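Only one structure is covered here, and it is reproduced in the block below.
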Amino acid sequence: MLVLKEKTAIKLRVNGAEHELFVRPAEILLDTLREGLGLTGAKPGCLNGDCGACTVLVDGQPVKSCLMLAAEAVGKEITTVEGLRGTPTQRAFIEKFAFQCGYCTSGFLMVCHALSKLPERPDDAALDHWLESNICRCTCYEEIGAAVRAVLNGEYEENK
Amino acid sequence: MIPFDFEYYRPDTLGEAVGLFGRLEDEGKNPVWYGGGSELISMARAGNAAFGAVLDIKDVPELLGLGTDGENLTFGAALTLSDLIVSGSFPLLGKTAGRIADHTMQNKITLGGNLASTIIYRETALPLLLADAILTAAGKDGLHTYPIDAVFDGRLRLPKGEVLVRTAVPAAIAAAPYFHQKKTKNEKIDYPLLTTAAVVTGGRLRIAFSGLAPYPFRDRSAEEILNDGRLGADARAELFVKALSGVIQSDLSGSADYRKFVLKDTILNILEAVREEKLPCLC
Chain A
1 MLVLKEKTAI KLRVNGAEHE LFVRPAEILL DTLREGLGLT GAKPGCLNGD CGACTVLVDG
61 QPVKSCLMLA AEAVGKEITT VEGLRGTPTQ RAFIEKFAFQ CGYCTSGFLM VCHALSKLPE
121 RPDDAALDHW LESNICRCTC YEEIGAAVRA VLNGEYEENK
Chain S
1 MIPFDFEYYR PDTLGEAVGL FGRLEDEGKN PVWYGGGSEL ISMARAGNAA FGAVLDIKDV
61 PELLGLGTDG ENLTFGAALT LSDLIVSGSF PLLGKTAGRI ADHTMQNKIT LGGNLASTII
121 YRETALPLLL ADAILTAAGK DGLHTYPIDA VFDGRLRLPK GEVLVRTAVP AAIAAAPYFH
181 QKKTKNEKID YPLLTTAAVV TGGRLRIAFS GLAPYPFRDR SAEEILNDGR LGADARAELF
241 VKALSGVIQS DLSGSADYRK FVLKDTILNI LEAVREEKLP CLC
């Protein structure tokens, strides 16, 4: 049984590397990533699970890190936007101009990356359903949709 | 940031979880069951919840089951809404789960967490009410089974210290023709102005609502009106709305009068779909 009674050392696997760090049992994963590991790609937005700016992947599934305890992430594989360097998702967002101010972008990138890893290409309804989890106040939705479709259509390859 | 400290426990077995909950209670630590945790974290952050320990039950195998038990389908309480959607075994439950929050949150919110939510909508209760689900809970003295009506009167009321393990619904009802519609004030992703779920089983319509009253419910006596073949559709809808008018709420999403209007329209659509046998099913 995993037990954290007070500030305790835990091991987190983030972007393929294992890190040991001290967390409060009440610490949310977003704060641990940003302040404990210096991975500031996941953004604090609403801090209420609405905006999606803090989205990370947990075992490949998008999760809002503002509504997850760091302790819950023990034993899971966490991927943040810093782990997407060189991926088709990153290139597509750049080349399709799928961002304006950029604050929401890392969240959208994570959802897009998770979509691209599904065993079957999702249909447009599934795309809409997944992307509705994130909000872009610059209203860049058309370009984001184009970037996501470009990735799913295999227009970009992984940078080796 | 959550502005207070608590202890975190992630038990591996059901026995460990139930025993630990009792011990923490005896120690005055005010423990809470922790499924997806999204509501607990957001409430705690806002100062609307306080607890001294959380028991994260997502590693307890019995709460993660998705299978069959005789003529019933069973759904573990720690399955996420996404699990329910992907399983496809109870389409109405999947459809209902797919309209709660957004896709990313559906990866976190659990069936048990939604049923036990302090937020008034608890939409996953609707298919379970329609299916006369049997709930299994674990306590210090073992497993207990309850008809849903015995422990859910708009919110889940298990005896203190018991944790929901699974729900069981008849496979025949899970496969029956169904209707689901969620109407919100404006945005697609929002709390319901009116969520309606219905099934047709044994030639009879069962119907349940969230958002209509300050709690989800199924009113069996009002269902009799909808199943009264002596009346036309319009008369049935009119009488049904009248029968429920005492519980219909007014809030920022819509006035009671507006909800009555939407309800009547919804009922007419359902009755027409039933008459024309246009409801989807696994049959």
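From first to last, the protein sequence lines stand for chains A and S. The first sequence: position 71 = 71 (full-length UniProt numbering), numbered continuously. The second sequence: position 17 = 17 (full-length UniProt numbering), numbered continuously. Ideal Cβ placement from N, Cα and C applies to all residues, glycine included. The structure presented is a predicted model; accordingly, all values stated were derived computationally and were not measured.
- Within the same chain, Cβ atoms closer than 8 Å to the Cβ of S:Leu268 are found at Ala233, Asp234 and Ala237, the five residues on either side in sequence being excluded.
- Distance from the CA of A:Leu84 to the CA of A:Leu57, rounded to the nearest whole angstrom, comes to 11 Å.
- When DSSP states are grouped into helix, strand and coil, A:Asp123 belongs to the coil group.
- Annotation: Cβ neighbours of A:His129 in chain S (cutoff 7 Å, chain order): His103.
- DSSP lists S:Thr136 as the bridge partner or partners of S:Thr145.
- With 16 or more neighbouring CB atoms inside 10 Å of its own CB, S:Glu62 falls in the buried class.
- At a Cβ-Cβ threshold of 7 Å, S:Gly154 and S:Phe217 count as neighbours.
- Secondary structure remark: continuous alpha helix (DSSP H) runs of at least 4 residues inside the stretch 70–106 of chain S, in chain order: 81–87, 91–97 and 103–106.
- Within the model, the alpha-carbon separation for A:Ala125 versus S:Thr145 is close to 39 Å.
- Residues of chain A with a Cβ closer than 7 Å to the Cβ of S:Asn107 are, in chain order, Gln61, Pro62 and Val63.
- At a cut-off of 7 Å, the C-beta of A:Glu132 has a neighbouring C-beta in chain S.
- Excluding residues up to 5 positions away in sequence, Ala213 and Pro214 lie with their Cβ nearer than 6 Å to the Cβ of S:Gln249 in the same chain.
- Annotation for A:Ile144: Ala98 and Phe108 place their beta carbon closer than 6 Å to its own, counting only its chain and skipping 5 residues before and after.
- Straight-line measurement puts the Cα of S:Glu223 at about 16 Å from the Cα of S:Glu272.
- For the stretch 19–48 of chain S, residues whose beta-carbon sits nearer than 7 Å to a beta-carbon of chain A comprise Gly37, Ser38, Ile41, Ser42 and Arg45.
- According to the DSSP assignment, S:Leu111 belongs to the alpha helix (DSSP H) that extends over Leu111 to Leu115.
- When S:Leu66, S:Val274 and S:Lys242 are compared, the shortest CA-CA separation from S:Gly229 is found for S:Val274.
- Contact fails between the stretch 69–87 of chain S and the stretch 3–16 of chain S, because fewer than three Cβ pairs, one in each stretch, are under 8 Å apart.
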